[in-house]
Structure formats: structure tokens, C-alpha cells
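In numbering that gives the first Met the number 0, the protein residues as written are 0 to 628. Built from N, CA and C at the ideal position, the CB exists for glycine as well. If you're wondering where the values come from, they're calculated on a predicted model, not measured in any experiment. First up is the structure itself, then whatever we jot down about it.
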Amino acid sequence: MQAFRDLVRGWLGKALLALLMVPFAIVGIESYFVGGKAAPAATINDEDIDQNELDRSVDQQRQRILASMGENPDASRIDLPVLRQEVLKSLIDRAVLSQQAKKAGFLIDDATIARLIQETPAFQENGAFSQSRYEQMLRNIGEDVVNFPAKAKKEIAVSQLASGITQTSFVSAKELDALSALDNQKRDVHVAMVTAAPYLASVQVSDDEINKYYKANTAKYTSDEKVSVDYLVLGAELFTDKVLLTDADVDARYAEKVKALESNEQRRASHILINIDEKTKDADALAKVKGLEKRIQAGEDFGTLAKEFSQDQGSATNNGDLGFASKGMFVPEFEKTLYGLKVNEVSAPVKTQFGYHIIKLLEIQKAPVPTMAEIRPSLEADVRAAKSEELYAEAVEKMDALAYESSDLKEGAKQYTMTLQTSPLFSKNGGEGLAGNRKVVQAAFSDEILKEGKNSSALALDDKHSVWIHVNKHEPSRVKPLAEVAAEIKSALQLDKASALAKAQADAMTKAINSGKSAVEVAASYKVQWQDYAATARTAPAPTMDLLKVAFRLPNPKANTWTAESAAVAKDYAVVALSKIDLGASTLTEDQKKQFMASLATARGQQELQDYVVYLRASAKIKETTEKK
Numbered sequence: 000m001q002a003f004r005d006l007v008r009g010w011l012g013k014a015l016l017a018l019l020m021v022p023f024a025i026v027g028i029e030s031y032f033v034g035g036k037a038a039p040a041a042t043i044n045d046e047d048i049d050q051n052e053l054d055r056s057v058d059q060q061r062q063r064i065l066a067s068m069g070e071n072p073d074a075s076r077i078d079l080p081v082l083r084q085e086v087l088k089s090l091i092d093r094a095v096l097s098q099q100a101k102k103a104g105f106l107i108d109d110a111t112i113a114r115l116i117q118e119t120p121a122f123q124e125n126g127a128f129s130q131s132r133y134e135q136m137l138r139n140i141g142e143d144v145v146n147f148p149a150k151a152k153k154e155i156a157v158s159q160l161a162s163g164i165t166q167t168s169f170v171s172a173k174e175l176d177a178l179s180a181l182d183n184q185k186r187d188v189h190v191a192m193v194t195a196a197p198y199l200a201s202v203q204v205s206d207d208e209i210n211k212y213y214k215a216n217t218a219k220y221t222s223d224e225k226v227s228v229d230y231l232v233l234g235a236e237l238f239t240d241k242v243l244l245t246d247a248d249v250d251a252r253y254a255e256k257v258k259a260l261e262s263n264e265q266r267r268a269s270h271i272l273i274n275i276d277e278k279t280k281d282a283d284a285l286a287k288v289k290g291l292e293k294r295i296q297a298g299e300d301f302g303t304l305a306k307e308f309s310q311d312q313g314s315a316t317n318n319g320d321l322g323f324a325s326k327g328m329f330v331p332e333f334e335k336t337l338y339g340l341k342v343n344e345v346s347a348p349v350k351t352q353f354g355y356h357i358i359k360l361l362e363i364q365k366a367p368v369p370t371m372a373e374i375r376p377s378l379e380a381d382v383r384a385a386k387s388e389e390l391y392a393e394a395v396e397k398m399d400a401l402a403y404e405s406s407d408l409k410e411g412a413k414q415y416t417m418t419l420q421t422s423p424l425f426s427k428n429g430g431e432g433l434a435g436n437r438k439v440v441q442a443a444f445s446d447e448i449l450k451e452g453k454n455s456s457a458l459a460l461d462d463k464h465s466v467w468i469h470v471n472k473h474e475p476s477r478v479k480p481l482a483e484v485a486a487e488i489k490s491a492l493q494l495d496k497a498s499a500l501a502k503a504q505a506d507a508m509t510k511a512i513n514s515g516k517s518a519v520e521v522a523a524s525y526k527v528q529w530q531d532y533a534a535t536a537r538t539a540p541a542p543t544m545d546l547l548k549v550a551f552r553l554p555n556p557k558a559n560t561w562t563a564e565s566a567a568v569a570k571d572y573a574v575v576a577l578s579k580i581d582l583g584a585s586t587l588t589e590d591q592k593k594q595f596m597a598s599l600a601t602a603r604g605q606q607e608l609q610d611y612v613v614y615l616r617a618s619a620k621i622k623e624t625t626e627k628k
């Protein structure tokens, strides 16, 4: 059970924190408040993945990729349609695992979820759970208090199922010794390069070949449709200095704060749970819990009985103690009873969806109420932020009206002294800066804005910034004429033909060597040189990793002979040959063996999990309805 607690706590401490750290600006606030019901991105056994969830996940992954590019990220390197399909595949994989976890009975009770949420550092202030922080952070990521615990339960169930696969794989000591020996193996490798360049002068390309290739590969010579947009960005910070702050405003905010704190008491409870399941009927569970109630009334220790009899394994080991919890953390029946108890009072049996509970209230903790003087700066900041956001919201409405009524964005720029900016050209795949926002790209290529020349309505960049766009320049997609690309095609065809001749030479050399002919004589006959790499390890820096892979799959040569294989190196070819193998031996210490056995077992477990997901996908009814963007 402790392992399970470590697992779920690890998930909440890492996965939840990572989730909360995702910038809300990535998606745009409008993603969460779209009217109507869009077609799902995919349906897996009657369970939908909605478009907003997919959009959010795609944008998060895109941001991670851009961040990995360093100081000068290039958004044009990201193929959004491909990325979208990859992310959708991951969501489908998660869905089939979740459904299987439910079928397999991986469950976690509400009380445990409540406790784990309270223990998540992201939801704490000064080391203690904060209901207001919890709610605020959930709002920031588009989640709500009602649905989040259920989502957490679902994710933990998936983690349990996955762990059952990944953490049960193992590697034997014999396997490890064999792998270590293979890893330490050394080979005498030889490489001869056969380049395409010497053949270029001898190959000819006709006009007919050029024309035929052009017709068959028109898509290669078709430019992307591109647009450039004029745009205005309006931010809430523009209105911060325009807020008129009064004492009455601050007093009202303080009163709200005090009321919230006073209502945010936490209660520490202990409970005994008797499950109702296939083995234990309702009447039997009730009889058992009533028997425990009588023993408590007779003076037996509640905690001792909880440790011995409670079927909530998460709390039983701690004498039934559930820790401190705020309202909304437990199922309604449990919470109603808990908040009707006095400190040290024990309830009568209470039935919930999990079974019968006996509840004891251990402690009530009220939130400390700070003085006005202690928190006045933060109160003023709250009021200023709220009022500036109100002014911002009003400005967005006015800008929308101006944008609708105007033929361009100049009037809007004057109204709020904003700078009218112009983006570089970008395609439907997006680009850098503003063009990195998928909503902006979609709007720019919409019929209303592109073809009808209208201004967009407000497009939210985040919860405090909106942008309006107007197409400045449009470059339609076009097929480049043959005359423009003929020279390029001719060079490509010449190189292909030269490469084919280089391949034929490399294959002929390989065949001759494998038939037993002297590799030295073969090289001399073709006027190429061998580059020798004696006692080469599998991870050697030379010749290259790709050529080493070829060398290490070659069979052991017979005495006084070599084995060889040809391999493409761009448009050139290499003949990779092997003259000798020095069999390796395991050199691992016992400590190293333990470490590597664990690492290899983890890798094997991950592969087994991937294989299991492939099986689940094949067994599931999956319908993808996402648009191919």
C-alpha cells in the first residue's frame, strides 16, 4: 500500500505541478468558452476527445518544442498538421489505457483523492492547503473544482495500470552478462567511399526526362499560400494607471477576503470504512459497522479499530486519519455528516457509494484572519487588477465594434493609441511570433478575413491580451513554371543518375568481397581507398554511427577474408567491410550489474507498455474526426 501511496503522490506532485505550470496564454481564453458543441477530435469506444482538449495539448507540445530550440526558436520548422496527429495519437493511447484501467478495477476512493490533493504543493500556501489557491489554479488551466478530483482519479488509475506493466519487467544476470559482452565487443572495420561526383560528367539528362519529372512532381514546385496581416494588440496593463482606487473599494475587498477566510475552515477527520461489494452485501456491511459502533460506544479506541477493520487502506494504516480537508473534498453524504459533528464526536453509520462509514471529528482549524494593515498592498493590487480587467473588457467590446464598422484597423489604433504592426508572410502552417498562434492563423485564412477583406473580431492571446487582424498581403499558392525550375530538375536528375552508378559500383565491390576476393585488390581495381578503423567499439566516434550499425551487423568473416555491405551516405555510397571480431566479455561490477539490470528492466517495461497500448488500440473502436490541418 505504501508503494501505491508513493505512486499517486508522485503523480500529483509532478504531473499536476507540470500541468499547472503550462501558460494559460498558450491556447487563448476563448478556447474554453466556445459556443456550441464541435465535433469531437476522436471517439474511442463511445468516449470523446473534444477539439478544445486536442487544441490545448497541441499548443502545449508546440511550446515545449519551441523552448527546446534555444534562444532563436524557428516555428516554421514545426509541421503543425503532423504535430496535431502525433498529439491526437497520444491522447487516444491515454484513452484506451484509461478505459482498460476502469475495466480492470483500478480504483481510488474520494477520501484518498481529497487527501492527496491537499498534499500537492501547488495547492498550498505556507505549507498548508489553500482552498482559494486550489480553485484559482484550476481556473487558470481551464479546470473546475467539481470535475478535477474525478479527472485526478482517472489519471491515477492509468498510472496504476501502467506501473503494473512497467514495474514487473526484469532482466536476468545471464542476460546482462551477454549484453555487456556484446557491448564490449571490438571490430576491425574498413570503409571505402564511392562518390557520385566522378559520374556527373558522364550522365545526360534529356528535355523529355525533365518535362516528365516536372509533370510527375508538380507538388514539389508549388509554393505555399501565404498572408501578411496588420494587427493590433490590446493588453489589460494599458488600463492599470487609469484605475481610480478608493478606500471604499479596498474596504469591500477586505470584507470579501475575511468572509472567504472565515468560511474556509478545515476539518480533520478519522473514519472506518466497511465496503459494499460482491463479497459483502449491504446488510452484512451494515451489521459489521454497527458492531464496531457499539465497541466504540463501549470505550474502545477509535484509531485502533480503524487500523484493524477499516477497508480504506489509504487511511487505515494511520488509524483512519484523513488529515485536514475543506468543504467540497468529500462525497456529499460523508461531508454533511462530518460538518454536523463536534470535536471528538463520533457519527452513526453513514452510507456512501463506497460502503458504510463511522466518522470521528478530530480537529477544526480556522484560517487566521489578517488585519487590514497587513494585507492592504495586496488588496490594492487585487482591486487595481480587477478594475483594469473591467476596463480592458469594455475596451475589447468597443474595439470589436470599431473593427466591425471599419475597413481597416487604423481607427482602432487611434482610439487606444496602439501601434499598428505588420507581420511577416506566413503559411497555414504558421510561423514565428503572432503566426505561432493557431487561432490567429485560422482566422487569417478564413473566407471572411482573407477573401472578404474584413477585420477579425478579438482573438484572445491570453486572459489579458487580445489581437485584431486585417490581411495586408496575400500570396496565393502557385505552381512554378517549368522554365523557372528546369535547371534545378536537371541537376537533381543528373545527381540521381550519378548516385545510381555509384551504388552499382558499391554493390559490385560488396559482391566481390563477399565471394572471397581480396578486399585490397577489389579496392585497387575500382581506384578507391580503404579507411581503416582497428578495434572499433560500438560507440566509437568514427566512422559514423550509421556506418557503425552496418559494421556491427556484418557476420564474422572466415580466415583471410572480409565480409561487406554497401550503405547509402546521402547521394554517395560506402562499402563497409569487416575483417576481424574480438569477442567482448562482461566487465561489470556487482553494483553496476544491479544498476544496469534496473535500467534495462525499466526500458523493457516501457516497451511492454507500448506493445500493450498497440494491442488495446487494435481492440478498440476508434473513429478520428479531427480536421486535417
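- Can you give the Cα-Cα distance for F23 and G322, rounded to whole angstroms? Residue 23 sits at position 24 when you count from the first residue of the sequence shown. Residue 322 sits at position 323 when you count from the first residue of the sequence shown. Only weak support is given to the placement of F23: the predicted model assigns it a pLDDT of 28, under 50, and the question is left unresolved by the model.
- Message: What would DSSP say about I448, mapped onto helix, strand or coil?
- Response: On the sequence shown, residue 448 is found 449 positions in, with the first residue counted as 1. I448: helix per DSSP, three-state reduction.
- Length at least 3, wholly inside the segment 212–273: the beta strand (DSSP E) runs in chain order: 225–234
- Candidates T194, D187 and V144: which alpha carbon is nearest A569's? As a working mapping, residue 569 is identified with position 570 in the sequence shown. Residue T194 is the option with its Cα nearest to A569.
- Cβ-based neighbour list, D399, same chain, cut-off 6 Å, excluding 5 preceding and 5 following: In the sequence shown, counting from the first residue as 1, residue 399 sits at position 400. So the list reads S456 and A457, once near-sequence residues are dropped.
- Message: Between the alpha carbons of R8 and G126, how many angstroms are there, rounded?
- Response: Residue 8 sits at position 9 when you count from the first residue of the sequence shown. Residue 126 sits at position 127 when you count from the first residue of the sequence shown. Confidence at R8 is low in this model, with a pLDDT of 39, below 50, so the placement of that residue should be treated as unreliable; the coordinate-derived value is given next. Those two C-alpha atoms are separated by around 16 Å.
- Find out if the Cβ-Cβ distance for the pair L87, A40 is shorter than 7 Å. Position 88 of the sequence shown, counted from the first residue, corresponds to residue 87. Position 41 of the sequence shown, counted from the first residue, corresponds to residue 40. Contact: yes.
- Message: Going by DSSP, what residue range makes up the alpha helix (DSSP H) through F147?
- Response: Mapped onto the sequence shown, residue 147 falls at position 148. Run containing F147: F147 to T165, per the alpha helix (DSSP H) assignment.
- Query: How would you call R552, buried or exposed, if buried means at least 16 neighbouring beta carbons within 10 angstroms?
  - Reply: Against the sequence shown, residue 552 aligns to sequence position 553. Answer is exposed; the Cβ neighbour count stays below 16.
- Query: Who pairs with R186 in a beta bridge, going by DSSP?
  - Reply: What you label residue 186 is simply residue 187 of the sequence shown in a count that begins at 1. According to DSSP, which records beta bridges pairwise, R186 is partnered with T535 and I580.
- Task: Out of T416, L408, A443 and K413, point me to the one whose CA is closest to F425's CA.
- Result: Locating residue 425 in the sequence shown gives position 426, counting from the first residue. The shortest Cα separation from F425 among T416, L408, A443 and K413 belongs to A443.
- Task: Can you say whether D531 is buried or exposed, counting buried as having 16 or more other CB atoms within 10 angstroms of its CB?
- Result: Numbered from 1 along the sequence shown, position 532 holds the residue referred to as residue 531. With fewer than 16 Cβ atoms within 10 Å of its Cβ, D531 is classed as exposed.
- Message: Helix, strand or coil for Y572? Go by DSSP, reduced to three states.
- Response: The count along the sequence shown starts at 1 and reaches residue 572 at position 573. Correct three-state label for Y572: strand.
- Which residue from S89, K150, R132 and E85 puts its Cα closest to that of L106? Within the sequence shown, the letter at position 107 stands for residue 106. Residue K150 is the option with its Cα nearest to L106.
- Item | E332 versus N454, A297 and V349, residue with shortest Cα-Cα distance | For the purposes of this step, residue 332 is taken as residue 333 along the sequence shown, with counting starting at 1. Answer by Cα proximity: V349.
- N318: buried (16+ other C-beta within 10 angstroms of its C-beta) or exposed? Here residue 318 is taken as the residue at index 319 of the sequence shown, counted from 1. Buried is the call here.
- Query: With which residues is Q420 paired in a DSSP beta bridge?
  - Reply: Stepping through the sequence shown from its first residue, residue 420 is reached at position 421. DSSP lists Y230 as partners of Q420.
- Query: Where DSSP assigns a beta bridge to E564, which residues make up the other side?
  - Reply: As a working note, residue 564 is residue 565 in the sequence shown. E564 pairs with V575.
- Message: Quick check on D47: does DSSP put it in helix, strand or coil?
- Response: Along the sequence shown, read from residue 1 onward, the residue named residue 47 stands at position 48. Reduced to three states, the DSSP call for D47 is strand.
- Task: Within the same chain, show all residues whose beta-carbon is closer than 6 Å to that of A156, passing over the 5 residues directly before and after it, in chain order.
- Result: On the sequence shown, position 157 is the one that residue 156 refers to. Excluding sequence neighbours, A156 sits near A100 and F105.
- Task: Please determine if the segment 269–278 and the segment 292–312 are in contact, where contact requires at least 3 C-beta pairs separated by less than 8 Å.
- Result: yes
- Item | Contact under 7 Å by Cβ, R616 with V95 | Residue mapping note: residue 616 aligns to position 617 of the sequence shown, counting from 1. Residue mapping note: residue 95 aligns to position 96 of the sequence shown, counting from 1. Yes.
- Could you give the residue range of the alpha helix (DSSP H) that holds K289? Looking up residue 289 in the sequence shown gives position 290. Residues D281 to Q296.
- Anyone know if the C-beta pair for I512 and A518 falls short of 7 Å? The sequence position of residue 512 within the sequence shown is 513, counting from 1. The sequence position of residue 518 within the sequence shown is 519, counting from 1. Taking 7 Å as the Cβ cut-off, I512 and A518 qualify as a contacting pair.
- Item | Enclosing alpha helix (DSSP H) for L361 [first to last residue] | Stepping through the sequence shown from its first residue, residue 361 is reached at position 362. No alpha helix (DSSP H) holds L361; the beta strand (DSSP E) holding it covers G354 to Q364.
- Would you kindly work out how many angstroms separate the C-alpha atoms of K479 and K472, rounded to a whole number? Taking the sequence shown and counting its residues from 1, the one referred to as residue 479 is at position 480. Taking the sequence shown and counting its residues from 1, the one referred to as residue 472 is at position 473. If you take the alpha carbons of K479 and K472, they lie about 20 Å apart.
- In angstroms with no decimal places, state the Cα-to-Cα distance between A507 and I580. In the sequence shown, the residue the question calls residue 507 occupies position 508. In the sequence shown, the residue the question calls residue 580 occupies position 581. Distance between the alpha carbons of A507 and I580: 24 Å.
- Can you tell which of R83, M544, S314 and E388 has its C-alpha closest to the C-alpha of R55? Position 56 of the sequence shown holds residue 55. Closest option to R55, Cα to Cα, is R83.
- Task: Taking L633 as the reference, give the member of N454, K453 and I468 with the closest Cα.
- Result: The shown model of the chain, from 0 to 628, leaves out residue 633, and the question about it has no answer.
- Item | alpha helix (DSSP H) segments (min. 4 residues) lying fully within the segment 89–148 | 109–117 and 130–139
- Message: Which of the three DSSP states is assigned to E208 in this structure?
- Response: To locate residue 208, count along the sequence shown from 1; it is residue 209. Correct three-state label for E208: helix.
- Could you check the C-alpha separation between K293 and K287 for me, to the nearest Å? The residue you call residue 293 lines up with position 294 of the sequence shown. The residue you call residue 287 lines up with position 288 of the sequence shown. Whole-angstrom Cα-Cα distance: 10 Å.
- Can you tell which of G515, A533 and A600 has the C-alpha that lies nearest to the C-alpha of A558? Counting from 1 along the sequence shown, the entry for residue 558 is found at position 559. Measuring from the Cα of A558, the nearest candidate turns out to be G515.
- Query: What residue ranges within the segment 319–343 form continuous beta strand (DSSP E) runs of no fewer than 3 residues, ordered along the chain?
  - Reply: 320–324
- Quick one: using the 10 Å Cβ neighbour count with 16 as the cut-off for buried, is V677 buried or exposed? The structure shown does not extend to residue 677, since the chain spans only 0 to 628, so no value can be given for it.
- Mind checking whether N44 and A619 have CB atoms under 7 Å apart? Taking the first residue of the sequence shown as 1, we reach residue 44 at position 45. Taking the first residue of the sequence shown as 1, we reach residue 619 at position 620. Yes, the pair counts as a contact, with Cβ atoms nearer than the cut-off.
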